[in-house]
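Colleague: My questions all concern the structure below.
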């Protein structure tokens, strides 16, 4: 019986578990121990905003063969019981004496031989969502079983999106497209930036977002100072370039792209910068192919920007996307992750217009057999000009 | 110069650092290493939604004497530079070869003697927001310096809110009060629950929330099944009790309380359950005193519910609140944390009306010298009845 909380039919989760088990076998792992919202959602369909509370750890164990097991606080039993997973073990959390450690250790011991290796994601862009003291207790309890690096097993599976996942991300992108189209309704000369941020979140919700996990942006003459600050109360001024960036969420899947708007007439250098970002994105849309590495995409974008006469911004020029606002890989000169068919990525070139004045531009794509396919609606070459 | 991004004047952060240093000295720690959004915001004023991206670790080191040091990705330098903290060291993250580990190790080595102990929060309700493999590398790099338990040093300081912090939480509570008052405008018989959730988030934003990190709830005849599920598309029906719960955020500070609404006339057992929750909360508001333990509050609430003839729900009956949706302590029979003046807490009694049918009720308070002071506007004894 389909249930809203499940997001996908059971076969989608079956496919994922099988893929994880195949990677585990390749990596010599007997099980994976997963703790983050994205990994738990990915393997079970358990979707809740309750992760916002740091009070309780949540665990999913995926053995190299057989069925996954959820080891979770009792408060989640009802919701997990509506997911496809059958083996659900609970404790009353938070428990200052034993916050699920014994239950988790017993589960691992029953599933993994004494000589076995239990993988956890421990590499770049990962973290372990449980108290470190409890992790140390767990290692003692499950000894001689060893904790090993499970980063590859998880990343190589999660980074390839199924058609069902791509459809979800596309739907979230469409919500952001619709909200961006409404920005001229509420962002005017004189409107405080904080009010623009609020109205943009309202628009995202009205267009169908379940919730809005991320809105950032900036506004300024000749570019903005950074792209991660909360909004201040300064009113938009004629000549400002306004940037809004969002990670809205629908059914657990994110979009992540931004748009720039001209408040009246902006300086020629800003228009030139926007044109160079747009052109560099066009080059990447034309030239990116599966089999390239993440650093190749960085090179394609930076070389295109340089050809346009722009100063390439620091930081990465794109990244993965899906169950979290950002996923690996990172489009940097150092990332050698292979870009494969089915990866969902952001193309996010940035330029420095002057010291401390930047402009960024972002699209969301899925990499297909013959190149990128846009998931966001392509930004216009010219920034929309908001008059009045 | 005051800056919106700073939230508080510099002296508030000075006071916090001094308090942390005092607890560090008491616990024999030479420094604290902090990694979570709340701990970084608490010590520096660095407020951003960029934490939504799991790509990069962020560090603040607070030595037992002297100035704190931020060791952060370069993308945060601009915003951190507007905070009160002066010593800011950056690297280009994410870096697959060395993602800040060397820079952090060098910082710790320069601040902590070789025989020293570096505290991290590692106890109940904590986690370390950095890759475990990098944490292991860090421990090797800083050896013979040892990582030690810094949970107490952080928790005993953060759990006592300053008047400035209490004012922030009160302001966020007022936003939720105003949004709850508008629920009868958009929650009607026939409205899908998912639409109610969206409209409630819109109301919170319109009433002044910077963003809405948490909305949950439920609706059903004779109670709801759980309190953490996302909304389904089922329309509200006559006789449903609707519950909405929110952790809205303003200037980095959360509220966390819920309200119940009757869609038309609800069953007498639901009205009785609501009255018992209201009465138990009144008892706690009258009897709670500083010096009691968290488990004493659990006893006060459960005994009052039993006197009302109700079946006490499982799980905790309240918790701390402030920089995250939930903070320690937990109002359970096991938590022996002393409740002290200046703590901000939720009173959250729950009852089971029938198997799988629950009702919950929540208020936010600050514990003063002579007992609790409400931060949320007291819920009415009778659930508001929404007709039509």
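Residue numbers (this note's numbering), protein chains in the order written: chain Y, 1 to 388; chain W, 1 to 388.
Cβ coordinates follow ideal geometry from the N, Cα and C atoms, glycine included.
Computed from a predicted model, the values in this text were never measured in an experiment.
#1: Taking the continuous alpha helix (DSSP H) assigned at residue 80/Y, which residues delimit it?
#2: Output yes if chain Y places a C-beta closer than 9 Å to the C-beta of residue 127/W; else output no.
#3: Quick check on the DSSP output: what are the complete alpha helix (DSSP H) runs of length 4 or more inside the segment 246–309 of chain W, in order along the chain?
#4: Does the segment 248–257 of chain W come into contact with the segment 358–365 of chain W, if we say contact requires no fewer than three beta-carbon pairs (one atom in each stretch) closer than 8 Å?
#5: Assuming residue 133/Y and residue 123/W make a contact with CB atoms under 8 Å, what is their CB distance in whole Å?
#6: From the DSSP output, read off the bridge partner residues of residue 330/W.
#7: Which value, in whole angstroms, describes the spacing of the CA atoms of residue 180/W and residue 187/W?
#8: Kindly indicate the opening and closing residues of the alpha helix (DSSP H) around residue 106/W.
#9: From this set, 28/W, 33/W, 45/W, which residue's C-alpha is nearest residue 10/W's C-alpha?
#10: Do you know whose CA, among 47/Y, 71/Y, 50/Y, 49/Y, lies nearest residue 58/Y's CA?
#11: Between the alpha carbons of residue 352/W and residue 227/Y, how many angstroms are there, rounded?
#12: Any beta carbon of chain W sitting closer than 9 Å to that of residue 36/Y?
#13: On a CA-only basis, which of 286/Y, 12/Y, 262/Y is nearest residue 369/Y? Give me that one, please.
#14: Per DSSP, what are the beta-bridge partners of residue 354/Y in this structure?
#15: According to DSSP, what are the bridge partners of residue 218/W?
#16: With 16 other CB atoms within 10 Å as the buried threshold, where does residue 381/Y fall?
#17: Listing by chain order, which chain W residues have their CB less than 7 Å from the CB of residue 133/Y?
#18: How many angstroms separate the CA atom of residue 174/Y from the CA atom of residue 96/Y?
#19: Anything in the segment 214–246 of chain Y with a Cβ closer than 9 Å to a Cβ of chain W? List those residues in chain order, please.
#20: What did DSSP end up calling residue 117/W once you bin it into helix, strand or coil?
#21: Short of 9 Å Cβ to Cβ, which residues in the segment 72–97 of chain W face chain Y?
#22: Mark residue 100/W as exposed unless 16 or more other C-beta atoms lie within 10 angstroms of its C-beta, in which case mark it buried.
#23: Does residue 45/W come out as helix, strand or coil in the three-state DSSP assignment?
#24: Check whether chain Y comes within 9 Å of residue 49/W, counting only Cβ atoms and requiring the distance to be less than that.
#25: Residue 216/Y and residue 244/Y: beta carbons closer than 9 Å?
#26: Indicate whether at least one CB of chain W lies closer than 9 Å to the CB of residue 210/Y.
#27: Is the distance from the Cβ of residue 31/W to the Cβ of residue 108/W below 9 Å?
#28: With burial defined as no fewer than 16 other Cβ atoms inside 10 Å of the residue's Cβ, what is the status of residue 314/Y: buried or exposed?
#29: The ligand ADP and residue 96/Y: does any heavy atom of the ligand fall closer than 8 Å to the residue's C-beta?
#30: Chain W beta carbons: is any one of them nearer than 9 Å to that of residue 389/Y?
#31: Would DSSP call residue 57/Y helix, strand or coil?
#32: So for residue 138/Y, helix, strand or coil by DSSP?
#33: Check whether the Cβ atoms of residue 112/W and residue 192/W lie closer than 9 Å to each other.
#34: If residue 189/W and residue 237/W are in contact, beta carbons under 8 Å, what's the gap, nearest whole angstrom?
#35: Checking 9 Å against the spacing of the C-beta atoms, do residue 85/W and residue 375/W come in under that value?
#36: Keeping to the same chain, check which residues put their C-beta closer than 8 Å to that of residue 184/Y; ignore five residues upstream and five downstream.
Modeller: On the basis of the supplied data:
#1: 77–81
#2: yes
#3: 268–287, 294–307
#4: yes
#5: 6 Å
#6: 319/W
#7: 11 Å
#8: 101–111
#9: 45/W
#10: 71/Y
#11: 47 Å
#12: yes
#13: 286/Y
#14: 357/Y
#15: 243/W
#16: exposed
#17: 122, 123, 149
#18: 45 Å
#19: 214, 215, 216, 225, 226, 227, 228, 229, 230, 231, 232, 233, 234
#20: strand
#21: 73, 74, 75, 76, 77, 78, 79, 82, 92, 93, 94, 95, 96, 97
#22: buried
#23: coil
#24: yes
#25: yes
#26: yes
#27: yes
#28: exposed
#29: As for the ligand ADP, it is missing from this structure, which has no ligand bound.
#30: Shown here, chain Y extends from 1 to 388; a query on residue 389/Y therefore has no answer.
#31: coil
#32: helix
#33: no
#34: 6 Å
#35: no
#36: 261, 384, 386
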